[in-house]
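The working numbering runs 159 ahead of the 1-based position in the sequence shown.
Backbone N, C-alpha and C define an ideal beta-carbon position, used for all residues, glycine too.
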Amino acid sequence: MSTMKVPLLDLRLQYAAFKAELLPILERVYESQAFILGPEVTALESAVAAYSGAAHGVGVSSGTDALLLALMALGIGPGDAVLTSPYTFFATGGAIARTGARPICLDIEPSTYNLSPVALQRFVDEECTSADSVLVHRASGTRVRALMPVHLYGQMADMAPMMALARRHGLKVIEDAAQAIGSEYLDGARAGSIGDIGCFSFFPTKNLGAFGDAGLCTAQDAELAELMRVLRVHGGKPKYYHALIGGNFRIDEVQAAVLNVKLRHLEAWTEGRRRNAAAYRELFAAAGLTGTVTLPYAQPGLRHIYNQFVIRAPERDRLKAFLGDEGIGTEIYYPVPLHVQGCFAYLGGKTGDCPESERAAAQTLALPIFPELKAEQLAYVVDAIRRFYG
Ligand SMILES: *Cc1c(COP(=O)(O)O)cnc(C)c1O
Numbered sequence: 160m161s162t163m164k165v166p167l168l169d170l171r172l173q174y175a176a177f178k179a180e181l182l183p184i185l186e187r188v189y190e191s192q193a194f195i196l197g198p199e200v201t202a203l204e205s206a207v208a209a210y211s212g213a214a215h216g217v218g219v220s221s222g223t224d225a226l227l228l229a230l231m232a233l234g235i236g237p238g239d240a241v242l243t244s245p246y247t248f249f250a251t252g253g254a255i256a257r258t259g260a261r262p263i264c265l266d267i268e269p270s271t272y273n274l275s276p277v278a279l280q281r282f283v284d285e286e287c288t289s290a291d292s293v294l295v296h297r298a299s300g301t302r303v304r305a306l307m308p309v310h311l312y313g314q315m316a317d318m319a320p321m322m323a324l325a326r327r328h329g330l331k332v333i334e335d336a337a338q339a340i341g342s343e344y345l346d347g348a349r350a351g352s353i354g355d356i357g358c359f360s361f362f363p364t365k366n367l368g369a370f371g372d373a374g375l376c377t378a379q380d381a382e383l384a385e386l387m388r389v390l391r392v393h394g395g396k397p398k399y400y401h402a403l404i405g406g407n408f409r410i411d412e413v414q415a416a417v418l419n420v421k422l423r424h425l426e427a428w429t430e431g432r433r434r435n436a437a438a439y440r441e442l443f444a445a446a447g448l449t450g451t452v453t454l455p456y457a458q459p460g461l462r463h464i465y466n467q468f469v470i471r472a473p474e475r476d477r478l479k480a481f482l483g484d485e486g487i488g489t490e491i492y493y494p495v496p497l498h499v500q501g502c503f504a505y506l507g508g509k510t511g512d513c514p515e516s517e518r519a520a521a522q523t524l525a526l527p528i529f530p531e532l533k534a535e536q537l538a539y540v541v542d543a544i545r546r547f548y549g
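1. Note down the Cα distance separating Pro262 from Val495, rounded to an integer number of angstroms.
2. Is any heavy atom of ligand 1 found at a distance shorter than 7 Å from the C-beta of Gln338?
3. What residues are listed by DSSP as bridge partners for Glu490?
4. Would the beta-carbon of Ala381 fall within 8 Å of that of Ala214?
5. Mapping DSSP to helix, strand and coil, what is Ser211?
6. When you compare the region 249-261 with the region 507-516, are there three or more beta-carbon pairs, one atom per stretch, that lie closer than 8 Å?
7. Can you grab the Cα-Cα spacing for the pair Leu448 / Glu517, in whole Å?
8. With respect to the beta strand (DSSP E) encompassing Thr357, which residues constitute its N-terminal and C-terminal limits?
9. Would you mind reading off the limits of the alpha helix (DSSP H) that contains Pro320?
10. By how many angstroms is the C-alpha of Gly549 removed from the C-alpha of Thr223?
11. Compare the C-alpha of His498 against each of Pro198, Ala520 and Ala202 and name the closest.
12. Give the straight-line distance between the Cα atoms of Leu227 and Cys358, rounded to the nearest whole angstrom.
13. Buried or exposed: which applies to Gly483, given that a residue is buried once 16 or more other Cβ atoms fall within 10 Å of its Cβ?
14. Are Gln280 and Leu324 closer than 8 Å when you measure CB to CB?
15. Shorter than 7 Å, the distance from the beta carbon of Gly371 to the closest heavy atom of ligand 1, or not?
16. For Asp476, does the count of other Cβ atoms within 10 angstroms reach 16, so buried, or fall short, so exposed?
17. When every heavy atom of ligand 1 is checked, does at least one fall within less than 7 Å of the C-beta of Lys421?
18. Please state whether DSSP places Leu442 in a helix, a strand or coil.
19. If we call anything under 8 Å between Cβ atoms a contact, is Leu170 one with Ala416?
20. Across which residues does DSSP place Glu190 in a beta bridge pair?
21. What would DSSP say about Met231, mapped onto helix, strand or coil?
22. Could you check whether the Cβ of Val309 sits closer than 7 Å to any heavy atom belonging to ligand 1?
23. My assumption, with CB atoms under 8 Å, is that Phe443 sits in contact with Val332. Please give the rounded CB distance.
24. Got a sec, what are the start and stop residues for the beta strand (DSSP E) Thr243 sits in?
25. Indicate whether the contact test is met: 3 or more Cβ pairs, each with one atom in the region 269-289 and one in the region 393-403, closer than 8 Å.
26. What's the gap between the Cα of Trp428 and the Cα of Thr251?
27. At the level of alpha carbons, what is the spacing between Pro320 and Pro183?
28. Beta carbon of Leu367, beta carbon of Leu461: below 8 Å?
29. First and last residue of the alpha helix (DSSP H) that includes Lys479?
30. Looking only at C-alpha atoms, which of Lys365, Gly371, Leu386 and Phe362 sits nearest to Asp355?
31. Under the rule that 16 or more other beta-carbon atoms within 10 Å means buried, what is Gly511, buried or exposed?
32. From Leu265 to Val283, what distance separates their C-alpha atoms?
33. Taking the alpha helix (DSSP H) that Met387 belongs to, which residues open and close that run?
34. Measure from the alpha carbon of Leu168 to the alpha carbon of each residue in Arg545, Asp372 and Pro530, then state which is nearest.
35. By the three-class DSSP mapping on this structure, what secondary structure does Asp542 have?
36. Please confirm whether Ile340 and Met307 have their CB atoms less than 8 Å apart.
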């Protein structure tokens, strides 16, 4: 047994770095006794929108609620279908199903783990009929209304071909950017600035994490942003007059205050993650492991923000157990793809439908990557992996 400990994530180190800055601001929030949708929220909405290259930001209660609100604002519901990746956190598919729409899972690219534009095109060509920019999924009879790519692990999905296809067929695009704040596409466009709506999560383990649950939707269109603001408060406009049915998707001042302070540090933290990723690449190469494990593919020209550093590893489950015994925290994101989740059995998905997603679910392992990790810790992780395969 070793004495070195490398947790998957340790937020206490980060807290120490901004605590002095934060506490007086929190005290101001407490003294004001204004808890919901106040000035901290307004400031957060402008700041995250500006940071992400979007015109508008709408703060919400979680990343899950950001996805649900986006779908509701686009009028998606029963009889509709939304195309997405099965290799994602459950909320992506759950939010679609909760509107009454049908989630349709298409396979991923094995290199980036993101939704494959080739699979998307094939689906449209082979499984849909298209007339007057209405796309119908033949097998289910649903109208395909939207596309929800996920920028998994902090690297953006291949947006250009997907946006072109979406525009051709009148599909709305919702970016699940929960893991990708500050991530950039080829032209430097940031996550949340390309689709109709971008959805962010501030769950504590995300790169920008709150002290609880919080999220945000971005949009370039002012009317769409305003509609999301109204739906966020049960659709009441003016208050107590409901032309629409929304929900309680509100974000509170304490979370917004924390996020406003942390946002000032986000670039430095992201650079720390990127440095750690580069260090891992050198260490894995030096240990002669690059023929054994597959390191994350960082697509040239994109900015990966490494919410996770995920390798493909032979004997993944045994490696995970071994690393656990060595004091190293790892996680499997995600062991069961959406199309084979029990709750989606009614959709008729089965093993073999999305082979790349299934392979990824069986082979991938996330290693510690948080910015405060020390060089010795990274070296220790790689050395432990070398010992496992040695
Ligand atoms: C975290 C996450 C969500 C959900 O966000 P919450 O804030 O936990 O509700 C949705 N999609 C993806 C890809 C995520 O990683």
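Looking at the atomic coordinates:
1. To locate residue 262, count along the sequence shown from 1; it is residue 103. To locate residue 495, count along the sequence shown from 1; it is residue 336. Going by the C-alpha atoms only, they are around 16 Å apart.
2. As a working mapping, residue 338 is identified with position 179 in the sequence shown. Indeed, a heavy atom of ligand 1 lies less than 7 Å from the Cβ.
3. Taking the sequence shown and counting its residues from 1, one reaches residue 490 at position 331. Paired residue(s): Ala525.
4. For the purposes of this step, residue 381 is taken as residue 222 along the sequence shown, with counting starting at 1. For the purposes of this step, residue 214 is taken as residue 55 along the sequence shown, with counting starting at 1. Contact flag set, yes.
5. Residue 211 sits at position 52 when you count from the first residue of the sequence shown. Helix.
6. no
7. Within the sequence shown, numbered from 1, the residue matching residue 448 stands at position 289. Within the sequence shown, numbered from 1, the residue matching residue 517 stands at position 358. Taking the straight line from one Cα to the other gives about 24 Å.
8. Translated into the one-based positions of the sequence shown, residue 357 becomes position 198. Going by the sequence as given, residue 357 is Gly instead of Thr. Start and end: Ile356 to Ser360.
9. Locating residue 320 in the sequence shown gives position 161, where the first residue counts as 1. Met318 to Arg327 is the span of the alpha helix (DSSP H), which, as asked, contains Pro320.
10. Your numbering for residue 223 matches position 64 in the sequence shown. Your numbering for residue 549 matches position 390 in the sequence shown. Looking at the two C-alpha atoms, the distance is approximately 42 Å.
11. Working through the sequence shown from its first residue, we reach residue 498 at position 339. The option with the nearest alpha carbon to His498 is Ala520.
12. If you number the sequence shown from 1, residue 227 lands on position 68. If you number the sequence shown from 1, residue 358 lands on position 199. Cα-Cα distance, rounded: 9 Å.
13. Stepping through the sequence shown from its first residue, residue 483 is reached at position 324. Under this definition Gly483 is an exposed residue.
14. Numbered from 1 along the sequence shown, position 121 holds the residue referred to as residue 280. Numbered from 1 along the sequence shown, position 165 holds the residue referred to as residue 324. Yes, these two residues count as a Cβ contact at 8 Å.
15. Here the question's residue 371 lines up with position 212 in the sequence shown. Checking the Cβ of Gly371 against ligand 1 gives no.
16. Sequence index remark: in the sequence shown, residue 476 carries index 317 (1-based). Asp476 should be labelled exposed.
17. For the purposes of this step, residue 421 is taken as residue 262 along the sequence shown, with counting starting at 1. Incorrect: Lys421 has no Cβ contact closer than 7 Å to ligand 1.
18. To locate residue 442, count along the sequence shown from 1; it is residue 283. Leu442 falls in the helix class under three-state DSSP.
19. Translated into the one-based positions of the sequence shown, residue 170 becomes position 11. Translated into the one-based positions of the sequence shown, residue 416 becomes position 257. No, the pair does not count as a contact, with Cβ atoms beyond the cut-off.
20. Position 31 of the sequence shown holds residue 190. In DSSP, Glu190 forms no bridge with anything.
21. Mapped onto the sequence shown, residue 231 falls at position 72. Secondary structure at Met231: helix, using DSSP grouped into helix, strand and coil.
22. Here residue 309 refers to the residue found at position 150 of the sequence shown. Checking every heavy atom of ligand 1 against the Cβ of Val309, one is found closer than 7 Å.
23. Sequence index remark: in the sequence shown, residue 443 carries index 284 (1-based). Sequence index remark: in the sequence shown, residue 332 carries index 173 (1-based). Going by Cβ atoms, the distance from Phe443 to Val332 rounds to 35 Å, so no, they are not a contact pair.
24. Residue numbering aside, residue 243 sits at position 84 when the sequence shown is read from its first letter. Residues Asp239 to Thr243.
25. no
26. On the sequence shown, residue 428 is found 269 positions in, with the first residue counted as 1. On the sequence shown, residue 251 is found 92 positions in, with the first residue counted as 1. Cα to Cα, the separation comes out at about 26 Å.
27. Residue numbering aside, residue 320 sits at position 161 when the sequence shown is read from its first letter. Residue numbering aside, residue 183 sits at position 24 when the sequence shown is read from its first letter. Distance between the alpha carbons of Pro320 and Pro183: 47 Å.
28. Counting from one through the sequence shown, the residue named residue 367 turns up at place 208. Counting from one through the sequence shown, the residue named residue 461 turns up at place 302. No, these two residues do not count as a Cβ contact at 8 Å.
29. As a position in the sequence shown, residue 479 is number 320, starting the count at 1. Per DSSP, Lys479 belongs to the alpha helix (DSSP H) from Arg475 to Asp484.
30. Translated into the one-based positions of the sequence shown, residue 355 becomes position 196. Nearest of Lys365, Gly371, Leu386 and Phe362 to Asp355, Cα basis: Leu386.
31. Working through the sequence shown from its first residue, we reach residue 511 at position 352. Burial call: exposed.
32. On the sequence shown, position 106 is the one that residue 265 refers to. On the sequence shown, position 124 is the one that residue 283 refers to. Going by the C-alpha atoms only, they are around 11 Å apart.
33. The sequence position of residue 387 within the sequence shown is 228, counting from 1. Where Met387 is concerned, the enclosing alpha helix (DSSP H) stretches over Ala381 to Arg391.
34. Numbered from 1 along the sequence shown, position 9 holds the residue referred to as residue 168. Minimum Cα-Cα distance from Leu168 among the listed residues Arg545, Asp372 and Pro530 corresponds to Pro530.
35. Position 383 of the sequence shown holds residue 542. Assignment of Asp542 by DSSP, reduced to helix, strand and coil, places it in the helix class.
36. The residue labelled residue 340 in the question sits at position 181 within the sequence shown. The residue labelled residue 307 in the question sits at position 148 within the sequence shown. It is not a contact, given that the beta carbons lie outside the stated cut-off.
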